[in-house]
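What follows is a short report on a single structure.
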Amino acid sequence: MEQTCNGTVHKIVAGDTLYKLSKQYGVRLIDILKENPYVNVYNLQIGDEVCIPTEVYEEEERRYYTAKVGETLKSASEAMDTNVCDLFAYNRELLDMRIPLGTILRIPSNGK
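Quick note: the sequence shown uses our numbering, first residue 6, plus one each step.
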């Protein structure tokens, strides 16, 4: 069954990555991934066809930030001029991050 493309069909050439295509076409990488659910992103082959979406629907404008080596949630939130609570609200996966073994967590008193 052939899938229709709501955008431009790009034929993969040597050196292409989905990240490179997102920059080349000015489209978010996540939108390319959503438009190509059956593409093996770890094994792109020369001649493969990838759909580059031309119409992207967003609920709201979002900003993105790539964490740097050794960065903490606090330093990242400060760099983005936001707070840690807002980071958790927009990045629910942070709630599932593993706590390093041996970390001592401070617990607020319950008033007793």
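Cβ coordinates follow ideal geometry from the N, Cα and C atoms, glycine included.
Quick caveat, the model's predicted, so the values are computed rather than measured.
Cβ contact check for the stretch 30–46 and the stretch 70–79: 3 or more pairs under 8 Å: no
C-beta atoms of residue 84 and residue 69 nearer than 8 Å: no
Status (buried if at least 16 other CB within 10 Å, exposed otherwise) for residue 55: buried
Terminal residues of the beta strand (DSSP E) in which residue 56 lies: 54–58
Those runs of the alpha helix (DSSP H) which lie wholly inside the stretch 66–90 and span at least 4 residues: 78–84
Opposing strand residues paired with residue 12 [DSSP bridges]: 58
Under the three-state DSSP convention, the category residue 18 falls into: coil
Heavy atom of the ligand ADP within 7 Å of residue 39 beta-carbon: Although the ligand ADP was asked about, the structure shown includes no ligands whatsoever.
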